[in-house]
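Student:
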Amino acid sequence: MDLDKKMKFETNYWVKVLERVINVTLTLAENNVSFRGAHESLYDGDNNRGNFLNIIKLLAIYDPVLQELLSKDKNSVKYLSPTIQNEIIELLATEVKTKLIGQINESPFFSIIMDTTQDIAKVDQVSFVIRFVHLIKDADTVNIVHDAEDMVNQLLSFFEKNNLSVEKLRAQGYDGAANMSGIYNGLQAKILEKQPNALYVHCTAHNLNLVINDSIKISRELHNFYDTVECLYAFFAHSIKRWAMLMETFESKKHTMKRLCPTRWSSRYDSLHSMRFHYREILQVLTKLSLTSSKVTEQSEALALKKKLENFETVVIIVMEYKILSITKIVTNALQSKNQDIERASKLLKSAKEDISRIRENFSEIVNEAADSARSWGIQPHFKNSRLRRVKKQFDELSSDERLTNSQENFRVSVFNLTLDVIISQIENRFKGLNSIVERFKVLFPSVLKDHSAN
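If you read the sequence shown in the UniProt record's numbering, its first letter stands for residue 1, the second for the next number, and so on.
(1) What did DSSP end up calling Asp147 once you bin it into helix, strand or coil?
(2) Where do the N-terminal and C-terminal ends of the alpha helix (DSSP H) with Ile88 fall, by residue?
(3) Spatial neighbours of Leu18 within its chain, please: C-beta separation below 6 angstroms, excluding the five flanking residues on both sides.
(4) On the three-state DSSP scale, how would you describe Gln408?
(5) Report the partner residues of Ile113 according to the DSSP bridge assignment.
(6) Within this structure, are the beta carbons of Ile318 and Leu272 separated by less than 9 angstroms?
(7) Looking only at its own chain, which residues have a Cβ that is under 6 angstroms from the Cβ of Ala371, when we skip the five neighbours before and after it?
(8) Can you check which of these residues, Asp2, Ile218, Thr98, is closest to Leu164 by C-alpha distance?
(9) Assuming Leu303 contacts Ile282 (C-beta within less than 8 angstroms), just tell me the rounded distance between them.
(10) Can you look up Ser400 in the DSSP assignment and give me helix, strand or coil?
(11) According to DSSP, is Leu199 helix, strand or coil?
(12) Mind checking which residues open and close the alpha helix (DSSP H) that includes Asn54?
(13) Which first and last residues belong to the alpha helix (DSSP H) in which Glu301 is found?
(14) Considering only the beta carbon of each residue, do Val422 and Ile218 sit closer than 9 angstroms?
(15) Considering only their Cβ atoms, is the gap separating Val331 from Ser346 smaller than 9 angstroms?
(16) Tell me whether Asp124 sits in a helix, a strand or coil according to DSSP, three-state version.
(17) Within 10 angstroms of the Cβ of residue 480, are there 16 or more other Cβ atoms? Answer buried if so, exposed if not.
(18) Count the other CB atoms within 10 Å of the CB of Thr297; is the residue buried (16 or more) or exposed (fewer)?
(19) Please tell me whether Lys122 and Leu156 are closer than 9 angstroms, where the distance is taken between their beta carbons.
(20) Taking the alpha helix (DSSP H) that Trp243 belongs to, which residues open and close that run?
(21) Are the Cβ atoms of Met299 and Leu291 separated by less than 9 angstroms?
(22) Whole angstroms is fine: what's the gap from Phe312's alpha carbon to Arg360's?
(23) Could you pull the start and end residues of the alpha helix (DSSP H) that Cys231 belongs to?
(24) Report the start-end ranges of each alpha helix (DSSP H) in the stretch 8 to 48 that is 4 residues or longer and not cut off at the edges.
(25) Locate the alpha helix (DSSP H) running through Thr287, then write down its first and last residues.
(26) Relative to the alpha-carbon of Asn162, which residue among Leu100, Ser357, Glu365, Asp341 has its alpha-carbon at the smallest distance?
(27) Would the stretch 126 to 134 count as touching the stretch 102 to 117 if we require 3 or more Cβ pairs under 8 angstroms?
(28) Three Cβ pairs or more, each shorter than 8 angstroms: is that satisfied between the stretch 219 to 234 and the stretch 185 to 205?
(29) Taking 8 angstroms as the limit between beta carbons, can you name the residues of its chain near Arg20, skipping five residues before and five after?
(30) Under a Cβ-count criterion, where at least 16 other Cβ atoms within 10 Å of its own Cβ denotes burial, should residue 456 be classed as buried or exposed?
(31) Using only alpha-carbon positions, find the residue among Gln284, Thr328, Thr117, Tyr226 that is nearest to Lys258.
(32) Tell me the DSSP secondary structure of Gln380 in three-state form.
(33) Any idea what DSSP makes of Gln336, helix, strand or coil?
(34) Less than 8 angstroms between the CB atoms is what I'm expecting for Gln408 and Asp214, so what's the real figure, rounded?
(35) Please work out which residues of its chain come closer than 7 angstroms, Cβ to Cβ, to Val211, disregarding the five sequence neighbours upstream and downstream, and give them in chain order.
(36) If you measure between the beta carbons of Thr94 and Phe52, is that distance less than 9 angstroms?
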């Protein structure tokens with residue numbers, strides 16, 4: 001075999017090797033499977049060499065090209081090292097990114113979504129997601145970089161680096177932090193100065209969660225209540241024995257106590273579900289521990305939690321919050337659906353606001369439900385007397401500030417009405433941007449087009 005034929009044969013062989021290596025790399029990357037193992041050698045007996053090498057070895061049983069590759073001398077070139085794997089991943093990522101940028105530039109307009117999260121080293125990472133007009137719906141993550149002080153410069157630098165025109169930008173999506181969503185100095189406002197057509201929309205499910213957060217922050221009673229919920233979970237969850245005692249009393253093992261988690265939007269509903277329907281069982285376990293535990297600390301903690309739960313105001317808050325969260329949970333789950341659209345989202349939020357408004361008009365119904373729950377444990381359904389509070393009169397009213405002498409009325413005004421009024425007003429205020437877009441584009445909604453075609 002002359003030199004040219006030999007070189008051609010070698011070239012063809014290594015092309016086939018690289019084709020197989022690249023396809024294995026793509027398969028692992030597409031399925032989000034790890035590549036490397038504890039021992040990265042094909043020549044020892046340890047099978048913990050990682051998915052990449054194990055798949056190569058498996059394919060070699062049936063593929064003559066890989067059989068020949070693995071039969072080569074231990075120190076010969078094989079293109080199977082971790083360095084080669086990383087280089088191939090980087091090249092594939094660059095190729096994918098180049099094609100995406102090309103498609104984005106070919107589209108008439110696009111939107112940008114930007115968010116941050118901490119990695120394992122507690123370093124903020126920024127993710128840019130671009131949605132663009134294409135024959136196929138796309139939502140592709142094209143870059144993840146370290147956080148920077150100036151989000152505006154970082155975003156514009158991202159556009160410039162990838163040859164994207166801000167003139168085509170039509171929408172922005174960020175979280176609700178002031179530096180992102182602020183109407184004067186937030187990132188969305190700065191981008192609007194450069195591109196007035198880039199409408200800002202906050203994630204609706206996240207925004208609805210912030211509505212509930214606002215209602216809790218403004219009420220001392222609700223804030224203290226959720227502290228109690230968290231303490232109750234911690235008390236049982238930090239002891240296998242206590243947790244087992246609690247689970248034995250629950251009829252359904254599905255309704256276990258859940259921890260409050262600020263980043264998991266349904267956590268409050270999950271936490272309150274067990275308290276709403278297993279209120280008596282929880283108190284039974286707390287009573288037993290407070291009387292029979294051999295540990296003084298455990299006794300005192302159980303007794304303190306028992307006293308808090310036996311407060312009738314606490315029972316009313318459990319019923320009230322569970323009703324509110326039952327409404328918002330349904331809406332939140334629907335808003336996160338892949339098939340959700342902006343028209344249905346707007347209708348869902350409007351419906352939630354109406355349902356919560358109806359709760360506000362039925363305080364007596366909430367109290368009656370709470371009373372039934374309280375009586376199941378022998379608690380008198382009475383609001384405790386507290387320091388007299390005043391309802392502030394407006395400046396043009398002549399009479400002095402009105403005193404609330406009835407403890408139930410005091411609770412209705414300062415806790416119940418306040419909580420629901422905040423939720424109702426926040427649903428109106430936080431979704432103005434969404435409703436504005438709905439008004440602009442409602443003529444294009446399928447339901448409207450269908451009505452016009454019928455006429």
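Yeah, the Cβ is synthetic: ideal placement off N, Cα and C, and Gly gets one too.
Tutor: Based on what the coordinates show:
(1) On the sequence shown, position 147 is the one that residue 147 refers to. Reliability of the predicted coordinates at Asp147 is poor, the pLDDT of 40 falling under 50, and no value is obtained from them.
(2) The sequence position of residue 88 within the sequence shown is 88, counting from 1. Unbroken alpha helix (DSSP H) run through Ile88: 82 to 106.
(3) For this step, residue 18 is matched to residue 18 along the sequence shown. Same-chain partners within the cutoff: there are none.
(4) As a first step, residue 408 is located in the sequence shown; it is residue number 408 there, counting from the start. In this structure, Gln408 counts as helix in the three-state DSSP scheme.
(5) Residue numbering aside, residue 113 sits at position 113 when the sequence shown is read from its first letter. Partner(s): Val129, Gly173.
(6) Residue mapping note: residue 318 aligns to position 318 of the sequence shown, counting from 1. Residue mapping note: residue 272 aligns to position 272 of the sequence shown, counting from 1. For Ile318 and Leu272, yes; Cβs fall inside 9 angstroms.
(7) The sequence position of residue 371 within the sequence shown is 371, counting from 1. Cβ within range, chain order: Pro381.
(8) Here residue 164 corresponds to residue number 164 of the sequence shown, with the count starting at 1. If we check each option's Cα against that of Leu164, Thr98 comes out closest.
(9) The residue labelled residue 303 in the question sits at position 303 within the sequence shown. The residue labelled residue 282 in the question sits at position 282 within the sequence shown. Leu303 to Ile282, Cβ: 14 angstroms. No contact.
(10) Here residue 400 refers to the residue found at position 400 of the sequence shown. Note that Ser400 scores a pLDDT of 49, beneath 50, so its modelled location is shaky; the value from the coordinates is reported in the next line. Ser400 falls in the coil class under three-state DSSP.
(11) As a first step, residue 199 is located in the sequence shown; it is residue number 199 there, counting from the start. Three-state DSSP puts Leu199 in a strand.
(12) Residue 54 sits at position 54 when you count from the first residue of the sequence shown. First-last of the alpha helix (DSSP H) with Asn54: 51 to 60.
(13) Position 301 of the sequence shown, counted from the first residue, corresponds to residue 301. Start and end: 296 to 309.
(14) Taking the sequence shown and counting its residues from 1, the one referred to as residue 422 is at position 422. Taking the sequence shown and counting its residues from 1, the one referred to as residue 218 is at position 218. Yes, the pair counts as a contact, with Cβ atoms nearer than the cut-off.
(15) Taking the sequence shown and counting its residues from 1, the one referred to as residue 346 is at position 346. Taking the sequence shown and counting its residues from 1, the one referred to as residue 331 is at position 331. No, the Cβ-Cβ distance between Ser346 and Val331 is not below 9 angstroms.
(16) Translated into the one-based positions of the sequence shown, residue 124 becomes position 124. In the structure shown, Asp124 sits in a strand (DSSP, three-state: E or B).
(17) Outside the shown range of the chain, which is 1 to 455, sits residue 480, and nothing can be said about it.
(18) The residue you call residue 297 lines up with position 297 of the sequence shown. Burial call: exposed.
(19) What you label residue 122 is simply residue 122 of the sequence shown in a count that begins at 1. What you label residue 156 is simply residue 156 of the sequence shown in a count that begins at 1. Contact: no.
(20) If you number the sequence shown from 1, residue 243 lands on position 243. From DSSP, the alpha helix (DSSP H) with Trp243 extends over 240 to 249.
(21) To locate residue 299, count along the sequence shown from 1; it is residue 299. To locate residue 291, count along the sequence shown from 1; it is residue 291. Residue identity check: residue 299 is Gln in the sequence provided, not Met. A contact, by the Cβ cut-off of 9 angstroms.
(22) For the purposes of this step, residue 312 is identified with residue 312 of the sequence shown, where counting begins at 1. For the purposes of this step, residue 360 is identified with residue 360 of the sequence shown, where counting begins at 1. Between Phe312 and Arg360, the C-alpha separation is close to 19 angstroms.
(23) Taking the sequence shown and counting its residues from 1, one reaches residue 231 at position 231. From DSSP, the alpha helix (DSSP H) with Cys231 extends over 220 to 237.
(24) none
(25) Reading the sequence shown from its first residue, position 287 is the one you call residue 287. From DSSP, the alpha helix (DSSP H) with Thr287 extends over 279 to 292.
(26) In the sequence shown, the residue the question calls residue 162 occupies position 162. That would be Leu100, whose Cα lies nearest to the Cα of Asn162.
(27) yes
(28) no
(29) Numbered from its first residue, the sequence shown carries residue 20 at position 20. So the qualifying residues of the chain are Ile56, Leu59, Asp63, Val65, Leu66.
(30) For residue 456 there is no data in the structure shown, the boundaries of the chain being 1 and 455.
(31) Here residue 258 corresponds to residue number 258 of the sequence shown, with the count starting at 1. Of the candidates Gln284, Thr328, Thr117, Tyr226, the one whose C-alpha sits nearest the C-alpha of Lys258 is Tyr226.
(32) To locate residue 380, count along the sequence shown from 1; it is residue 380. In this structure, Gln380 counts as coil in the three-state DSSP scheme.
(33) Translated into positions along the sequence shown, residue 336 becomes position 336. Coil at Gln336, not helix or strand.
(34) The residue given as residue 408 occupies position 408 in the sequence shown. The residue given as residue 214 occupies position 214 in the sequence shown. In fact, because the Cβ distance is near 25 angstroms, the residues do not count as touching under 8 angstroms.
(35) Reading the sequence shown from its first residue, position 211 is the one you call residue 211. Result list for Val211: Ile423, Gln426, Ile427, Arg430, in chain order.
(36) As a first step, residue 94 is located in the sequence shown; it is residue number 94 there, counting from the start. As a first step, residue 52 is located in the sequence shown; it is residue number 52 there, counting from the start. Not in contact: Thr94 and Phe52 (Cβ atoms no closer than 9 angstroms).
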